[in-house]
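In this note's numbering, the protein residues as written are 11 to 304.
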C-alpha cells in the first residue's frame, strides 16, 4: 500500500470547519495527510483498529456524486488492505449524513476533476459488501435518497434520535433506481414501495421499527455509542468476521437449499481457522482469546 505520509494533529480550537462540524472523538482529532488527497471525503485511521470515513461537503449536505463515489471506492480499498483496521465507521460532516445524489450534476452541471476515477453506486455497493470488515453507519442527521442507500448498505446503522430518513427522489421527478436493491433487502418490498411512492420522510423511531436502522440513541450519545459498539467488534475474531460477512452476502439471494450448502461450506472454513481453535481453547481454559486473524 502506498505511503500517504504522517498524521497531522489539530486541536479542536483550531480545527478546520469540516472537522469542527463533526461530533467529537475526544479532546483532539487526528487526520492522516492522505485525507487531503480526497476532495469530498475524509479518511481517518488514527485509531489503528477503527477507521472513520466522513462525507465532507457539509455546505451541500454531503451529496453523493460520481467523484465522491470514486473516492469512497478508493478509501474502501485502502481500508481493506490495512490489516490493522478491523472496523469502518461511515458518517457525514455537519448536520446531515447525506442528502443524496448531487442534483446539480443531474441537471447538467459539470463535475469537478478529482484525483481518483469517478464511479457508480454499483461499484460502491459491491465494494462495501466485499470489504470483509464490519461497516457501521453513524447517522448524525438526514439520510435521504442516495444517502439512505449508502446508509442501508452498511452492516449496522446507529442513528441519532434527531435524524430523518426518506426516498425523496419522487418529489423532483426522479425514481430511486439504484438504491432499490439495498432497501428492499432490508425492509421488504411493500414498505419500500410506500416510501418511494410517497417520498415522505420518517423519523428515527419509525426507521428503527421497520428495520431500516439498527439502533436509535440520543444525539449527544451518538459518537460514544457508536465507538462502544465498534470496540466490541474489534474484540472479535477478524478471520471469522471476514468469512461470516462473505457468507452472509453471498447467500442473501440464493434459494434455500443452495444457501444451506454454501453456509455448510462456510462453517467448514470457519472451523479450519486458527482463530476458531483459539476461541474454543480459550473457552475451555476460561480465558480471553488471542486472535491471530487467520
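A virtual CB, placed ideally from N, CA and C, is assigned to each residue, including glycine. Since we're looking at a predicted model, the values are computed, not measured.
Two segments are said to touch when three or more pairs of C-beta atoms, one from each, lie closer than 8 Å; by this definition the stretch 135-148 touches the stretch 158-168.
Segment contact: the stretch 48-59 against the stretch 104-113, fewer than three CB-CB distances shorter than 8 Å; contact not assigned. One thing to note: residue 141 has its Cβ within 8 Å of the Cβ of residue 89. Secondary-structure assignment with DSSP links residue 52 through a beta bridge to 64.
Residue 252 and residue 262 have their C-alpha atoms spaced approximately 16 Å apart. When the alpha-carbon of residue 101 is set against those of 53, 241, 126 and 213, the nearest one is in 53. When the Cα atoms are used, residue 127 and residue 77 turn out to be separated by approximately 7 Å. Taking all protein chains in view, the Cβ of residue 132 is surrounded by fewer than 16 other Cβ atoms within 10 Å, so the residue is classified as exposed.
No Cβ-Cβ contact shorter than 8 Å links residue 189 with residue 222.
180 is the residue among 180, 226, 216 and 192 whose C-alpha sits nearest the C-alpha of residue 208. Here the alpha carbons of residue 239 and residue 217 stand approximately 19 Å from one another. Between residue 73 and residue 138, the alpha-carbon positions lie close to 18 Å from each other.
Residue state for residue 211 is assigned as coil, using DSSP reduced to three classes. Pairing residue 260 with residue 194, the inter-Cα distance amounts to about 16 Å.
For residue 148, the enclosing beta strand (DSSP E) covers residues 145-149.
The C-beta of residue 135 has 16 or more other C-beta atoms within 10 Å across all chains shown, which makes the residue buried. For residue 193, the secondary structure class from DSSP, reduced to helix, strand or coil, is helix. Taking 8 Å as the cut-off, the beta carbon of residue 154 is found no closer than this to the beta carbon of residue 98. Residue 304 is not a Cβ neighbour of residue 235, given a cutoff of 8 Å. When the Cα atoms are used, residue 51 and residue 215 turn out to be separated by approximately 28 Å.
According to the DSSP assignment, residue 132 belongs to the alpha helix (DSSP H) that extends over 131-139.
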